[in-house]
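K.L.:
All letters in the sequence shown, in the order written, are residues 0 to 464 by numbering that gives the first Met the number 0.
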Amino acid sequence: MTGREGTAEGSADSGAGTRIFSATWVLPIVSGPIHKGAVAVAGDKIIQVGTLNALTEAYPGAEVTDFHHAIITPGFVNCHSHLEYAVFRGLLDNKNFGPWILEIIDQKAKLSRADYEVSSLLGASECVSSGVTTVGESMYSGASLAAMRQAGLRARAYQEALGLDDNKIDETISMLTDSLDELEEESGELIEIGIFPHATYTVSASLYRAIAELGRQRGMKIATHLAESKEESVYIRSGSGVLALDLREKVGWDYLSHEPFGVTPIKYLQQWNVYSSDFMAVHCVHAGPADIEALARYDVAIAHCPKSNAKLGCGIAPLPAFLRAGIRVGFGTDSPASSNIMDMFGEMRTAIFLHRGSERDVNVLSAAECVRMATLGGARALGLEDRIGSLEPGKQADFIAVDTEYSHFTPIHDPYSALVYGANQEDVFFTMVAGRPLYTRKVLLTLDDEKITADAMEAKEKLWR
Ligand SMILES: [Zn+2]
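Below is the structure:
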């Protein structure tokens, strides 16, 4: 697409300082596609959305950037990722969830803080260049906060917490509080801090409760990996399996007793008063009707990660049932350690094929619903829908442009269909967050991708030893 943008400066006073971005299609999400549409931006906000003709008439002094054969859509909201694991891409491609989680513990220990910084920058650059404007990031090392800030991304950065030894809860909460204080100091305007108790097999029930209380006190959102694998179901229900034995031995928790709870992981967490509309459950692959009812009753949001779940052999989450229950659902790519690339087009396409195929019904999911989930759905899941997720006056100017001037897009009958069935991350050529372009004509404006790639290759060398 490089070279096809045209910019024309108006001369009238009205609208000076206003920027108009136009394309063949504009997708506001809250209303139908606009042919020959445009978005007017002032500062960090959208001030009007409509046809190019209407907007140039309303703001004759505005600077106009015409993307021509392109689709402007709200930036993608990637509800669940681990940018700091970007260098694990392709390392453990053929492991089932159990062996995968054991191996990843060893691999994580090989990297230094500096390596995690490089890895996070690699992840952040992929987000910007693939049209992700908001990230729901789970932080292990904490390095991704600085990377997202440098990139100019919007985020909810969740600090991970782990612990099965209830004698150490006070210590864990005190350390968590210190790190939340520090992160809030460093977070900047576009990033909110949250808490991420890692999973039911790495966080005790008491620690979940203490974290839920801390979240309420600090007004922070919470997210957790939940009901991802059959190994987790076996661990919670029967107190056995790889997570009860091998994982606890590896981490040094084998001195602790563990009882079977006889319930599903989702029902198990329900008992500990952690669910609320500020809670997001990541995965929920192993969710039956009673589980879905519980999540809906407490207005828990779900991050749906279809590619990661399929690649690790975990299964297919019952997305159509989540949507029928009225649960807020967004897409998550999860980390490159499990899904390899953080391409939201890939998540949308995987979801529509998996669910239509497994339910043997095309009516379970449409391309328009996929794009909505990848944008406004994700914003609602993260509790950010007052600011982002759609193109509306008053919302933040977070949007992207997808180049459609290629044969695989021609002809376009429906722009949603073009995005879901035809587009890939390489087709994104413009990314803006809060009115600031981060990527234009396929050039990263905030990150040095050549240096990042070279540094990441060096960090990767440690992993193959
Ligand atoms: Zn994850």
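No residue lacks a Cβ here, since even glycine has one placed at the ideal position from N, Cα and C.
Any heavy atom of ligand 1 within a distance shorter than 7 Å of the CB on Ala79?
P.N.:
As a first step, residue 79 must be located in the sequence shown, where it is residue number 80. Before going on, a small fix: residue 79 reads as His here, not Ala. Yes - ligand 1 has a heavy atom lying nearer than 7 Å to the Cβ of His79.
K.L.:
Per the DSSP calculation, Gly329 is bridged to which residue(s)?
P.N.:
In the sequence shown, residue 329 corresponds to position 330, counting from 1. The partner list for Gly329 (beta bridge, DSSP) reads Ala302.
K.L.:
Under 8 Å by Cβ, that's how I've got Met341 and Cys126 pegged, so tell me the actual separation to the nearest angstrom.
P.N.:
Start at 1 with the first residue of the sequence shown, and residue 341 comes out as number 342. Start at 1 with the first residue of the sequence shown, and residue 126 comes out as number 127. Contact holds; Cβ gap of about 6 Å.
K.L.:
Tell me whether His407 is buried or exposed, calling it buried when 16 or more other Cβ atoms sit within 10 Å of its Cβ.
P.N.:
Here residue 407 corresponds to residue number 408 of the sequence shown, with the count starting at 1. His407 comes out exposed.
K.L.:
Excluding the 5 residues flanking Ser232 on each side, which residues of the same chain have their C-beta closer than 8 Å to its C-beta?
P.N.:
Here residue 232 corresponds to residue number 233 of the sequence shown, with the count starting at 1. Excluding sequence neighbours, Ser232 sits near Ala226, Thr263, Pro264 and His285.
K.L.:
Assuming Leu462 contacts Val86 under a Cβ cut-off of 8 Å, what Cβ separation, rounded to an integer in Å, is found between them?
P.N.:
The residue given as residue 462 occupies position 463 in the sequence shown. The residue given as residue 86 occupies position 87 in the sequence shown. Their Cβ separation, rounded to whole angstroms, is 7 Å, which keeps Leu462 and Val86 in contact under 8 Å.
K.L.:
Who are the near neighbours of Ala7 in its chain, counting only those whose CB is closer than 7 Å to its CB and skipping five residues on each side?
P.N.:
On the sequence shown, residue 7 is found 8 positions in, with the first residue counted as 1. Because the pLDDT of Ala7 is 43, which lies under 50, any placement of that residue in the model is unreliable, and the number read from its coordinates should be weighed accordingly. Same-chain partners within the cutoff: Val63.
K.L.:
Does the beta-carbon of Val281, which I'm using as the reference point, lie nearer than 7 Å to any heavy atom of ligand 1?
P.N.:
The residue you call residue 281 lines up with position 282 of the sequence shown. Result yes, Cβ under 7 Å from ligand 1.
K.L.:
Where are the alpha helix (DSSP H) runs, 4 residues long or more, that stay fully inside the stretch 229–293, in chain order?
P.N.:
Qualifying alpha helix (DSSP H) stretches, in chain order: 229–237, 245–250 and 264–269.
K.L.:
Quick check: does the Cβ of Ser357 come within less than 7 Å of any heavy atom belonging to ligand 1?
P.N.:
Translated into positions along the sequence shown, residue 357 becomes position 358. No, the beta carbon of Ser357 sits no closer than 7 Å to any heavy atom of ligand 1.
K.L.:
Following the continuous beta strand (DSSP E) through Ala160, name the residue where it begins and the one where it ends.
P.N.:
Taking the sequence shown and counting its residues from 1, the one referred to as residue 160 is at position 161. Unbroken beta strand (DSSP E) run through Ala160: Arg153 to Ala160.
K.L.:
Would a check of beta-carbon distances place Tyr438 closer than 8 Å to chain D?
P.N.:
Protein chains in the displayed structure number just one, and chain D is not present.
K.L.:
Helix, strand or coil, according to DSSP, for Asn77 in the structure here?
P.N.:
Locating residue 77 in the sequence shown gives position 78, where the first residue counts as 1. Looking at Asn77 - three-state DSSP - the assignment turns out to be strand.
K.L.:
Return the chain-ordered list of same chain residues with a C-beta closer than 8 Å to the C-beta of Leu446, the five sequence neighbours on each side being excluded.
P.N.:
Counting from 1 along the sequence shown, the entry for residue 446 is found at position 447. Cβ neighbours of Leu446 beyond the five flanking positions: Leu120, Ala123, Ser124, Val127, Gln149 and Ala150.
K.L.:
Only counting runs of 3 or more residues, tell me where the beta strand (DSSP E) segments fall wholly within the stretch 345–414, in order along the chain.
P.N.:
Runs found: 398–402.
K.L.:
If we require 3 or more residues per run, which beta strand (DSSP E) segments fall completely within the stretch 39–114?
P.N.:
Listed in chain order, they are 44–50, 62–65, 69–73 and 75–80.
K.L.:
Leaving aside the five residues before and after Arg379 along the sequence, list all residues of the same chain whose C-beta is less than 6 Å from its C-beta, in chain order.
P.N.:
On the sequence shown, position 380 is the one that residue 379 refers to. Arg327.
K.L.:
Are there 16 or more other CB atoms within 10 angstroms of the CB of Val40, so buried, or fewer, so exposed?
P.N.:
Along the sequence shown, one-based indexing puts residue 40 at 41. Classification of Val40: buried, given that the 10 Å Cβ count is 16 or more.
K.L.:
Can you tell me whether DSSP reads Pro196 as helix, strand or coil?
P.N.:
Here residue 196 corresponds to residue number 197 of the sequence shown, with the count starting at 1. Correct three-state label for Pro196: strand.
K.L.:
Taking 6 Å as the limit between beta carbons, can you name the residues of its chain near Val48, skipping five residues before and five after?
P.N.:
Mapped onto the sequence shown, residue 48 falls at position 49. Here the set comprises Pro27, Val38 and Leu390.
K.L.:
Spell out the partners DSSP gives Arg435 in its beta bridges.
P.N.:
Numbered from its first residue, the sequence shown carries residue 435 at position 436. Paired residue(s): Val432.
K.L.:
Are Ile168 and Leu213 closer than 8 Å when you measure CB to CB?
P.N.:
On the sequence shown, position 169 is the one that residue 168 refers to. On the sequence shown, position 214 is the one that residue 213 refers to. No. Outside cutoff.
K.L.:
Judging by CA-CA distance, which residue of Leu91, Pro59 and Ile19 is the nearest neighbour of Asn339?
P.N.:
For the purposes of this step, residue 339 is identified with residue 340 of the sequence shown, where counting begins at 1. Ranking Leu91, Pro59 and Ile19 by Cα distance to Asn339 puts Leu91 first.
K.L.:
Look at the alpha carbon of Thr72 and the alpha carbon of Gly130, and state the distance between them as a whole number of angstroms.
P.N.:
Against the sequence shown, residue 72 aligns to sequence position 73. Against the sequence shown, residue 130 aligns to sequence position 131. Straight-line Cα distance between these residues: approximately 9 Å.
K.L.:
Have a look at Ala154 and Ala69 and give me their C-alpha separation to the nearest angstrom.
P.N.:
Residue 154 sits at position 155 when you count from the first residue of the sequence shown. Residue 69 sits at position 70 when you count from the first residue of the sequence shown. In a straight line, the C-alpha of Ala154 is about 26 Å away from that of Ala69.
K.L.:
Could you give the C-beta distance for Gly135 and Cys78, rounded to a whole number, given that I count them as a contact under 8 Å?
P.N.:
Here residue 135 refers to the residue found at position 136 of the sequence shown. Here residue 78 refers to the residue found at position 79 of the sequence shown. Confirmed, Cβ separation roughly 4 Å.
K.L.:
Spatial neighbours of Ala204 within its chain, please: C-beta separation below 7 Å, excluding the five flanking residues on both sides.
P.N.:
The sequence position of residue 204 within the sequence shown is 205, counting from 1. Here the set comprises Trp271.
K.L.:
Going by DSSP, what residue range makes up the beta strand (DSSP E) through Ala222?
P.N.:
Position 223 of the sequence shown, counted from the start, is the residue given in the question as residue 222. Counting along the chain, the beta strand (DSSP E) containing Ala222 begins and ends at Ile221 to Leu225.
K.L.:
Mind checking Met0: buried by the 16 CB within 10 Å criterion, or exposed?
P.N.:
Here the question's residue 0 lines up with position 1 in the sequence shown. Because Met0 carries a pLDDT of 40, less than 50, the predicted location of this residue cannot be relied on, and the following value inherits that uncertainty. The residue is buried, with at least 16 neighbouring Cβ atoms inside 10 Å.
K.L.:
When you compare the CB positions of Leu294 and Thr199, do they come within less than 8 Å of one another, or not?
P.N.:
The count along the sequence shown starts at 1 and reaches residue 294 at position 295. The count along the sequence shown starts at 1 and reaches residue 199 at position 200. No, the Cβ-Cβ distance between Leu294 and Thr199 is not below 8 Å.
K.L.:
Roughly how many angstroms separate the alpha carbons of Pro436 and Leu444, rounded to a whole number?
P.N.:
Position 437 of the sequence shown, counting from 1, holds the residue named residue 436. Position 445 of the sequence shown, counting from 1, holds the residue named residue 444. About 7 Å.
K.L.:
Kindly indicate which residue of Gly312, Gly238, Val250 and Gly193 has the alpha-carbon position closest to the one of Lys220.
P.N.:
The residue you call residue 220 lines up with position 221 of the sequence shown. Lys220 has its Cα closest to that of Gly193, out of Gly312, Gly238, Val250 and Gly193.
K.L.:
Which residues mark the beginning and the end of the alpha helix (DSSP H) in which Arg440 is found?
P.N.:
Within the sequence shown, the letter at position 441 stands for residue 440. No alpha helix (DSSP H) contains Arg440, which DSSP labels as neither H nor E.
K.L.:
So, helix, strand or coil for Glu136, using DSSP?
P.N.:
Position 137 of the sequence shown, counting from 1, holds the residue named residue 136. In the structure shown, Glu136 sits in a strand (DSSP, three-state: E or B).
K.L.:
Between Ala458 and Met147, what straight-line distance do the alpha-carbon atoms span, to the nearest angstrom?
P.N.:
Within the sequence shown, residue 458 is the residue found at index 459, counting from 1. Within the sequence shown, residue 147 is the residue found at index 148, counting from 1. So the two alpha carbons sit approximately 19 Å from each other.
K.L.:
Using DSSP's beta-bridge definition, name the partner residues of Ala22.
P.N.:
Against the sequence shown, residue 22 aligns to sequence position 23. Answer is Gly36.
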